[in-house]
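Read through the structure below, which is laid out as structure tokens, and then see the notes.
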Amino acid sequence: MGKTEKTSLNAAADKLRDAGLIVIKIGSALLFDQAGGQPDRRWMEALAEDVAQLVAQGKRVVLVSSGSIAIGRQILALPAGRIKLEEKQAAAAVGQVQLAGAWTAALAKQNIAAAQILLAPEDTETRRRHLNARATMHSLLDMGVVPVVNENDTITTYEIRFGDNDRLAARVAAMLSADLLILLSDVDGLYDANPSTDKSARHIAEIETITEDILLMGEGANADFASGGMATKLAAGQIATAAGVDMIICNGQTARPINKLAQGGRASLFHAALAPMAARKNWIAGMLAPKGSLQLDAGASQAVLAGKSLLAAGVSSVTGPFERGDPVRLLDAAGQEIARGLAGYSSAEAELLKGHKSSEFTALLGYEGRAELIHADDLALLAGRRKNQGTGQERL
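Each residue of the sequence shown is one higher than the last, beginning at 255 in the numbering used here.
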């Protein structure tokens, strides 16, 4: 279950050093000043320094930030305790503007642009919306922008919501095929008992697999010693590690917590079983029932087998119906299935585009579409045809 603490601390710092795409989750308890009424701008600016340091190292960073409802409640002078759903949504609507502004100002001091992304559960679970959200965030990251993500509490209901930003952050990390998810908390990781009441509680610095024994550590008296509860963090860990994303829980209460982590600060590291892209490929290849098929010419088949995106020019026939985001089979010229992928266009659109170059798409569709019929990140070769799938170099 664990290694020596020294080895584990170095392992967590090593994961941070080697990660290319990092999702950092910030809880409400870290964002507010002692009075709890205003965002702690000094802490936010210090974290922005950490983000700038990561960006300078060539890393891509996404922030998942709580706090909009708490800010909105203060501005609207709503009473303490439980409030009506519509009041909570109103508070979120007011607070989201303020929260986005605070992060924009903090990151601007580091010459980094911020973008606001509001997500509902169906944005990560419905394939078409999943692809749109993923493409938007990757485009922002390509431009050097830091997306700041929050749950869209203005429209979600108690019945249809992520429930907490730990799980939201895990879903975002999985969606983006991130290398690392960091949960900034008010504790420095997982303990086998509640450290605030049990002096013999043992810090667990490295977790290879989230077993039933590990999950039990997030329940009972140990469940609430971290903001949001340790149980939700372990649930987030299950989502992230299953998607190939390593996860770290560390204390965010000090200034520049990411820099402290990089220096070997105490944390708990949860290992993923697979690399992020390999996990995504397995999901595409084996977990989704195809809705249609695309038959490819010899050149397109070779390109796909070499790890490249599928272009419409190499498609000879389309079998549907399917919509954008649906899984489809890719067949070679002899009709043999060589891969599966998530369609970038509907079957009706693919029928229009087949055999054509991307420069002709606007005239055919009436709008400027994506160049690829299926992007390489959304393609998975079938078993036996996988060469270096999941290495990240060929982006297959």
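Beta carbons are placed, not taken as given, at the ideal position from N, Cα and C, and that holds for glycine. In this text, all values refer to a predicted model and were calculated from it rather than measured experimentally.
Taken through DSSP and simplified to helix, strand or coil, G598 comes out as coil. Membership of E303 in the alpha helix (DSSP H) is indicated by the continuous run R295 to A310. Apart from the 5 residues on each side of it in sequence, R456 sits with its Cβ closer than 8 Å to the Cβ of Y445, D446 and A447 in its chain, given in chain order. In the DSSP assignment, N505 is bridged to S439. Runs of the beta strand (DSSP E) lying entirely within the segment 309 to 382, each at least 3 residues long, are 314 to 319 and 368 to 373 in chain order. Ranked by how close their Cα comes to the Cα of S571, the residues K453, W537, A533 and A604 have A604 in first place. Between A273 and L394, the beta carbon gap of about 18 Å keeps them out of contact (Cβ cut-off 8 Å).
Here the segment 486 to 504 lies against the segment 521 to 540, with 3 or more beta-carbon pairs under 8 Å apart. For I628, there is no enclosing alpha helix (DSSP H), since its DSSP letter is neither H nor E. Per DSSP, Q556 lies in no beta strand (DSSP E) segment; the continuous alpha helix (DSSP H) that holds it begins and ends at A552 to L559.
In this structure, the straight-line span from the alpha carbon of A359 to that of I366 is close to 9 Å.
Ranked by Cα distance from D440, the options A497, I503, N406 and A265 are led by I503. In its chain, beyond the 5 residues on either side, A539, E591, I592, A593 and R594 have a beta carbon closer than 8 Å to the beta carbon of L636.
For I493, the uninterrupted alpha helix (DSSP H) run begins and ends at M484 to A496, by DSSP. Less than 8 Å separates the beta-carbon of L372 from that of N406. Under the three-state reduction of DSSP, N404 is assigned to strand. Residue nearest to V426 within the set D467, D396, D377 and D452 is D377 (criterion: CA-CA distance).
If you check the CB distance, A566 and G609 come in under 8 Å. No Cβ-Cβ contact shorter than 8 Å links G568 with D586. Here P575 is exposed, its C-beta having fewer than 16 other C-beta atoms within 10 Å.
Three or more Cβ pairs closer than 8 Å define a contact, and the segment 527 to 537 falls short of that threshold against the segment 294 to 304. For I512, the CB contacts under 6 Å within the same chain, skipping 5 residues up- and downstream, are D304 in chain order. Pairing A368 with V403 gives a Cβ-Cβ distance that is not under 8 Å.
Straight-line spacing of the CA atoms in Y599 and Q549 works out to 15 Å. Per DSSP, E605 has no beta-bridge partner at all. Secondary structure at S612: helix, using DSSP grouped into helix, strand and coil. A straight-line Cα-Cα distance of about 12 Å links A331 and A344. In this structure, R578 is the residue among A634, R578, R583 and V582 with its C-alpha nearest to the C-alpha of R624. Judged by DSSP secondary structure, V499 falls outside any alpha helix (DSSP H); it is assigned neither H nor E.
Going by DSSP, V582 is part of the beta strand (DSSP E) stretching over P581 to L585. The C-beta separation of A634 from K535 comes to about 4 Å, placing the pair in contact by the 8 Å criterion. Assignment of beta-bridge partners to A593 by DSSP yields L584 and L635.
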